[in-house]
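Just below is one structure, and these are the notes that go with it.
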Amino acid sequence: MPYPAPATAGGFTLYVTATIQPDKVDEFLSHFYAAFEKVAAEPECLSFEVFRVQGEPNKIKWVENWSMSTEWFMQVRCPRLPFSFQSHTPLSLCSGFSNRRMGIEANVAAILLIFSRDDLKHQATKPYMKPYTEATDKLLVGEKQWEVWERFGGKWAKAQEGVYEKV
1 MPYPAPATAG
11 GFTLYVTATI
21 QPDKVDEFLS
31 HFYAAFEKVA
41 AEPECLSFEV
51 FRVQGEPNKI
61 KWVENWSMST
71 EWFMQVRCPR
81 LPFSFQSHTP
91 LSLCSGFSNR
101 RMGIEANVAA
111 ILLIFSRDDL
121 KHQATKPYMK
131 PYTEATDKLL
141 VGEKQWEVWE
151 RFGGKWAKAQ
161 EGVYEKV
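Going by full-length UniProt numbering, the residue at position 45 of the sequence shown is 45; the numbering climbs one at a time, nothing skipped.
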């Protein structure tokens, strides 16, 4: 059976995992939801969905689908990233970072990039991200874990009508 070719128009999917202090989940979600609403309303954000890990009510994951490139995301919207970032995209994502401050380790599944938050201090942020990160970072256990995946898009992206609330 033939299959459609993955779309080449670009875009990416961001997977984030955050572990919240067990007694701070409601406070975190309150701040998170305010930012979630604003991010989901961005014209370049195709979809945004949040999940809770079964059996671990203080561990949440979210998936953001973007129509633009990872380079655009890093320059235009990038919040303060954690110390580790798993990338399933080409290393061009790293352009502009100082190689002397970045260690690169390859494995079968991903390329793990390790860099300091200082490497991103020159990146622009959306105004609503600063209050969100200031309010929520202190509620976390450890750092957020980030993964970036290339989207197939096109005929490879489907959802039943009514699954997602329209923005």
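Glycine included, every Cβ here is placed at the ideal spot set by N, Cα and C.
Delimiting residues of the alpha helix (DSSP H) encompassing residue 25 | Within the sequence shown, residue 25 is the residue found at index 25, counting from 1. Note, residue 25: alpha helix (DSSP H), 25 to 40.
Pair within 7 Å by beta-carbon distance, residue 40 and residue 128 | The residue given as residue 40 occupies position 40 in the sequence shown. The residue given as residue 128 occupies position 128 in the sequence shown. Not closer than 7 Å, so no.
In whole angstroms, what is the alpha-carbon distance linking residue 26 and residue 58?
-> Start at 1 with the first residue of the sequence shown, and residue 26 comes out as number 26. Start at 1 with the first residue of the sequence shown, and residue 58 comes out as number 58. About 9 Å.
For residue 18, count neighbouring C-beta atoms within 10 Å of its own C-beta (all shown protein chains included) and say buried if the count is 16 or more, exposed if not.
-> Here the question's residue 18 lines up with position 18 in the sequence shown. Classification for residue 18: buried.
Which of the three DSSP states, helix, strand or coil, is assigned to residue 73?
-> For this step, residue 73 is matched to residue 73 along the sequence shown. Reduced to three states, the DSSP call for residue 73 is helix.
By DSSP, does residue 84 sit in helix, in strand, or in coil?
-> Residue 84 sits at position 84 when you count from the first residue of the sequence shown. Residue placement at residue 84 is flagged as unreliable, the pLDDT there being 37, under the threshold of 50; a coordinate-derived value is accordingly withheld.
How many Å lie between residue 46 and residue 149 at the Cα?
-> Counted from its first residue, the sequence shown places residue 46 at position 46. Counted from its first residue, the sequence shown places residue 149 at position 149. One C-alpha to the other measures close to 14 Å.
Exposed or buried, which one is residue 154 when buried takes at least 16 other CB atoms within 10 Å?
-> Stepping through the sequence shown from its first residue, residue 154 is reached at position 154. Exposed, since its Cβ has fewer than 16 Cβ neighbours within 10 Å.
Mark residue 11 as exposed unless 16 or more other C-beta atoms lie within 10 angstroms of its C-beta, in which case mark it buried.
-> As a working mapping, residue 11 is identified with position 11 in the sequence shown. The residue in question, residue 11, is buried, as its Cβ has 16 or more Cβ neighbours within 10 Å.
Beta carbon of residue 28 nearer than 7 Å to that of residue 136 = Taking the sequence shown and counting its residues from 1, one reaches residue 28 at position 28. Taking the sequence shown and counting its residues from 1, one reaches residue 136 at position 136. Cβ atoms of residue 28 and residue 136: closer than 7 Å.
Is residue 169 near residue 66, with beta carbons less than 7 Å apart?
-> Shown here, the chain extends from 1 to 167; a query on residue 169 therefore has no answer.
Kindly indicate which three-state DSSP category residue 135 falls into: helix, strand or coil?
-> Looking up residue 135 in the sequence shown gives position 135. Residue 135: helix per DSSP, three-state reduction.
Once you ignore the five residues that flank residue 167 on each side, which residues in its own chain have a CB closer than 7 Å to its CB?
-> Working through the sequence shown from its first residue, we reach residue 167 at position 167. Within the same chain, residue 167 has close Cβ partners 40 and 41.
From the DSSP output, in three-state form, read off residue 59 for me.
-> As a position in the sequence shown, residue 59 is number 59, starting the count at 1. If DSSP states are grouped into helix, strand and coil, residue 59 belongs with the strands.
From what residue to what residue does the beta strand (DSSP E) around residue 47 run?
-> Translated into positions along the sequence shown, residue 47 becomes position 47. Looking at the DSSP string, the run of the beta strand (DSSP E) that includes residue 47 is 45 to 53.
Per DSSP, which one or two residues make a beta bridge with residue 164?
-> Here residue 164 refers to the residue found at position 164 when the sequence shown is read from its first residue. According to DSSP, which records beta bridges pairwise, residue 164 is partnered with nothing at all.
So is residue 64 buried or exposed if we call it buried at 16+ other beta carbons inside 10 Å?
-> The residue labelled residue 64 in the question sits at position 64 within the sequence shown. Buried, because 16 or more other Cβ atoms sit within 10 Å of the Cβ of residue 64.
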